[in-house]
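Step one of this worksheet: look at the structure below.
Residue numbers (UniProt numbering): 1 to 135.
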């Protein structure tokens, strides 16, 4: 029997879900983009927490580097969010506006990534543990 997921992993996934909700109901596209990116960051952190952080010799410095190391099948998502990290920072600093299409795309990819992480984490005998925690 697999051990249950640690509370820290479940909490990060719940925070990811909350960020997705905030992105969907954000008052402007900049806030939506930021919340979507943060949702993905929380889901990525949950995955790294569950799978174990790569050692210092791996060269992985960011969550996105670590996601690529611990779950290579999710590398495309990690690349997308790594490429958009500077955009999120610029929006948060008030130096950049984002268009509605970019915000919608970020939310859609964040939702897909959250679900992909949930599937990876909720495999086998854990099936449904994350769903039960979310309710």
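Cβ coordinates follow ideal geometry from the N, Cα and C atoms, glycine included.
- Across the structure, residue 43 and residue 117 are spaced so that their CA atoms are roughly 7 angstroms apart.
- Per DSSP, residue 25 is not a residue of any alpha helix (DSSP H), being assigned neither H nor E.
- With 16 or more other Cβ atoms from the protein chains shown falling within 10 Å of its own Cβ, residue 49 counts as buried.
- Using a C-beta cut-off of 8 angstroms, the region 22-29 makes contact with the region 89-106, since at least three inter-stretch Cβ pairs fall below that distance.
- Following the DSSP letters along the chain, one finds residue 98 in no alpha helix (DSSP H), marked with neither H nor E.
- One alpha carbon belongs to residue 121, the other to residue 98, and they sit about 32 angstroms apart.
- Relative to residue 20, the option among 76, 71, 39 whose CA is nearest is 39.
- Here residue 7 carries a helix assignment [DSSP, helix/strand/coil].
- Of all alpha-carbon atoms in 22, 41, 110, the one lying nearest the alpha-carbon of residue 9 is that of 41.
- When the alpha-carbon of residue 24 is set against those of 109, 12, 6, the nearest one is in 109.
- For residue 69, the enclosing alpha helix (DSSP H) stretches over residues 63-70.
- Straight across, the Cα-Cα distance linking residue 22 with residue 33 is about 10 angstroms.
- Under the three-state reduction of DSSP, residue 44 is assigned to helix.
- Annotated as proximal: residue 51 and residue 70, with beta-carbon spacing under 7 angstroms.
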